[in-house]
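One structure below.
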């Protein structure tokens, strides 16, 4: 059975033009409005709507495994967007188990990983993304020598981030078309790409023991790719990059510095009031005294 999976993987990885011909299904990818952050976390509205959702028991999932210890995930969702300089791809895999200890480009596909195959002129570009014991591993350009399974390092022009949070593994990739081995059609509105997503699943021993990929009828996966129609519609128009608010500190309130001035002003007004009353009384007493003196002189 394992030999069959290896043969199946080789057939998929060595995809030629004939592999993308029959029963192709069309999906749409919008133009990037705000570039994703590529941090391994799908923020709200960051990627828009998934172009593909696979469940193991759905009729669109092709399943194959050589080891019963391989556990199928609950679901796999794939997202894609584009702009003039890059193709953006993201995948979320929901499942209780994630196995991948590999960190070398030549072996990252032996554990849980996702493979994006992009049909180009003269051949197929393959980018495999995984989360190993040392973090994200991005590899590509499967070597066609011998068994066609070894992988050379991916170009530094491509970037990726993978995280595992709870029971969800999230893969994010930015692919530079200029760095692909086989040229793909220009990224522009009304353009089309032929591609395939493959989810590799590890057996308990750490080797690739199964795979899940899209096919509309559960048969002949190499013959049923996805055709991706590029549209000019914004893919994530509601996405806004936000930065964390700076930490706040709590301090005890202090008395306002203007309190003494306010008190001094109140005291000045009070004194002025009493002074006015005193002057009025003194003035009245003086007037009475003058009046008494005048009356005595009249007598």
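Numbering (the numbering used here), first residue to last: 38 to 336. Ideal Cβ positions, reconstructed from N, Cα and C, are used throughout, including at glycine.
Residue environment: residue 95 is assigned as exposed (fewer than 16 neighbouring CB atoms within 10 Å of its CB, all protein chains considered). Sequence-distant Cβ neighbours of residue 150 in its own chain, meaning closer than 7 angstroms and more than five residues away, are 137, 165, 166, 167 and 237. Annotation for residue 159: 219 place their beta carbon closer than 7 angstroms to its own, counting only its chain and skipping 5 residues before and after. The way I'd put it, the segment 59–75 does touch the segment 264–273; three or more beta-carbon pairs between them come closer than 8 angstroms.
Using a 10 angstroms sphere on the CB of residue 278, the tally of other CB atoms stays under 16, which defines it as exposed. The segment 199–217 makes contact with the segment 113–129, as at least three CB pairs between them are under 8 angstroms. Rounded to the nearest angstrom, the gap between the Cα atoms of residue 195 and residue 154 is 14 angstroms. The bridge partners DSSP lists for residue 63 are 264.
Selection 198, 315, 244 and 123 evaluated against residue 79 yields 198 as nearest (Cα-Cα). Inter-residue distance for residue 116 and residue 267 is about 13 angstroms (C-alpha atoms, whole angstroms). In this structure, the alpha-carbon of residue 227 lies about 12 angstroms from that of residue 264. Residue environment: residue 221 is assigned as buried (16 or more neighbouring CB atoms within 10 Å of its CB, all protein chains considered). It is roughly 31 angstroms from the alpha-carbon of residue 99 to the alpha-carbon of residue 120. Distance between residue 152 and residue 175, taken at the CA atoms: about 10 angstroms. In the displayed model, residue 334 falls within a helix according to three-state DSSP. It is roughly 16 angstroms from the alpha-carbon of residue 203 to the alpha-carbon of residue 114.
Residue 250 is positioned such that its CB atom lies no closer than 8 angstroms to that of residue 124. Relative to residue 157, the option among 144, 326, 214 and 321 whose CA is nearest is 214.
Going by beta carbons, residue 134 and residue 108 fall inside the 8 angstroms limit. Annotated three-state conformation of residue 127 is strand, per DSSP.
With a contact defined as Cβ atoms closer than 8 angstroms, residue 92 and residue 62 miss out at about 16 angstroms.
Taking 8 angstroms as the cut-off, the Cβ atoms of residue 253 and residue 83 do not count as close.
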